[in-house]
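Residues -20 to -1, 1 to 241 (mature numbering (1 follows the signal peptide of the UniProt record, and there is no 0)) make up the sequence shown, in order.
Built from N, CA and C at the ideal position, the CB exists for glycine as well.
Treat the numbers as computed from the prediction; the structure is a model and nothing was measured.
What follows is one structure encoded as structure tokens, with my remarks underneath.
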Amino acid sequence: MLKHTLSALAIAALAFSAQAADVLKVAATAVPHAEILNFVKPQLKAQGLELQVKEFSDYVQPNMAVEDKQLDANFFQHQPYLDSFNKDRKTSLVIVPNGKVHVEPFGAYSSKIKNIKDLKDGATIAIPNDPSNGGRALILLAKQGLIELKDAKSLTPTPLDVTKNPKKLKFKELEAPLLPRALADVDLALINTNYAIEAKLNPTKDALFIEGADSPYTNIVAARADRANDPDIAKLMKALHSPEVKKFIQDKYKGAVVPAF
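Here it is, written out as structure tokens:
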């Protein structure tokens, strides 16, 4: 009897282990990342993989949750941000194989002017306060001819790297999620597309200027190095690169999010 009981427990333990191995926990910001992940849930479920999407509203916790092994992977950031995060936080997350998914063209918004030509001297410009996205904002301003930067090839310039500022623009560095709410208090805000969409801004219509599709800031899926080649993550990437996902992105976001596959 004891032998049968132990056998049953062993079988149950194996079944539980198999079930646990078929659950993939992925961190994401709500728009568009979690929406895209939720779209592929049925496809993955049909393959025996349960995708659990954990939503976050900032850019720090999704990486720390993966680094601390609370979650398996994340989908919210681009490579320059990941590189900067790893350097600053002493983490070692990596892009997974075939990990590029989409580009969210970065845009400039204002509630005070309708054309960038109307930007006044001494205007206050809000930009993200993390190195990669803050640098991205400055690069976009430089491409508009509003400022010049010390190193045109650097992806992480700071306001200290501005060498020419003919309009004497003032830079206000804020947490990325707060930028849409700062529009009433500044003359111009450079906003990540995911937060712009959440704030009901349409990047293709409301942005005074926006990045082109050649942006190097492709959003990626990242994981710990020991999980990057996991078969379940490979299944996720195959689903994210499907024609159905490409159509979903094109139909739902209408140019505000651009497939990178």
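Same chain only: Cβ atoms within 8 Å of residue i, ignoring 5 sequence neighbours per side
i, result
"ASN174", "THR9, ALA10, VAL11, PRO12, HIS13, PHE56, GLU84"
"ASP63", "SER112"
"PHE228", "ILE16, PHE19"
"SER37", "THR9, ALA10, PRO157"
"SER222", "VAL20, GLN23"
Buried versus exposed call for residue i [16 or more other C-beta atoms within 10 Å across all chains shown]
i, result
"ASN95", "exposed"
"residue 245", "An answer regarding residue 245 cannot be provided, because it is not within the stretch -20 to 241 covered by the chain."
"SER134", "exposed"
"GLU140", "One point to set straight first is that residue 140 is Leu, not Glu, in the sequence displayed. Exposed: under 16 other Cβ atoms inside 10 Å."
"GLY114", "buried"
"SER72", "exposed"
"VAL3", "exposed"
"GLU224", "exposed"
"ALA205", "exposed"
"TYR233", "buried"
"ALA1", "Note that ALA1 scores 49 on pLDDT, short of 50, meaning its location in the model is unreliable and no value can be drawn from it."
"PRO146", "exposed"
"ASP52", "buried"
"ALA132", "exposed"
"PRO183", "buried"
Per DSSP, cross-strand counterpart(s) of residue i
i, result
"ILE75", "ALA202"
"PRO239", "HIS82"
"TYR89", "ALA169"
"VAL3", "GLU30"
"PHE36", "THR9"
"PRO108", "LEU154"
Close-in-space but distant-in-sequence residues of the same chain around residue i (CB under 6 Å, 5 per side omitted)
i, result
"GLY102", "LYS148"
"LEU170", "ALA88, ILE107, ALA117"
"PRO42", "ALA7, PHE36, ASN54, PHE56"
"GLN230", "none"
"PRO60", "SER112, LEU135"
Cβ-based neighbour list, residue i, same chain, cut-off 7 Å, excluding 5 preceding and 5 following
i, result
"ALA122", "GLU128, LEU129"
"GLN27", "LYS215"
"PHE151", "ILE105, ILE107, PRO139"
"LYS92", "ASP167"
Residue i beta carbon near the ligand MN (any heavy atom closer than 7 Å)
i, result
"GLU47", "In terms of ligand content, the structure shown is empty, and the ligand MN therefore cannot be addressed."
### Task
Decide yes or no for the touch test of the stretch 92 to 109 against the stretch 230 to 240: beta carbon pairs closer than 8 Å, at least 3 of them.
no
### Task
Could I get the ranges of all uninterrupted beta strand (DSSP E) runs contained in the stretch 172 to 212, with 3 residues as the minimum, in chain order?
Whole beta strand (DSSP E) segments, 3+ residues: 198 to 204.
### Task
Could you tell me which uninterrupted beta strand (DSSP E) segments, each at least 3 residues in length, are contained entirely in the stretch 111 to 182, listed from first to last along the chain?
Qualifying beta strand (DSSP E) stretches, in chain order: 142 to 144, 150 to 154, 168 to 171.
### Message
For the pair the stretch 68 to 88 and the stretch 185 to 193, tell me if three or more CB-CB distances fall below 8 Å.
### Response
yes
#### Entry: Touch test, the stretch 204 to 221 against the stretch 75 to 82, Cβ-Cβ under 8 Å, three pairs minimum
yes
### Task
Run through the stretch 39 to 78 for me and flag every whole beta strand (DSSP E) of 3 or more residues, listed as ranges in chain order.
53 to 58
### Message
So, does the stretch 16 to 35 touch the stretch 211 to 231, judging by three or more C-beta pairs under 8 Å?
### Response
yes
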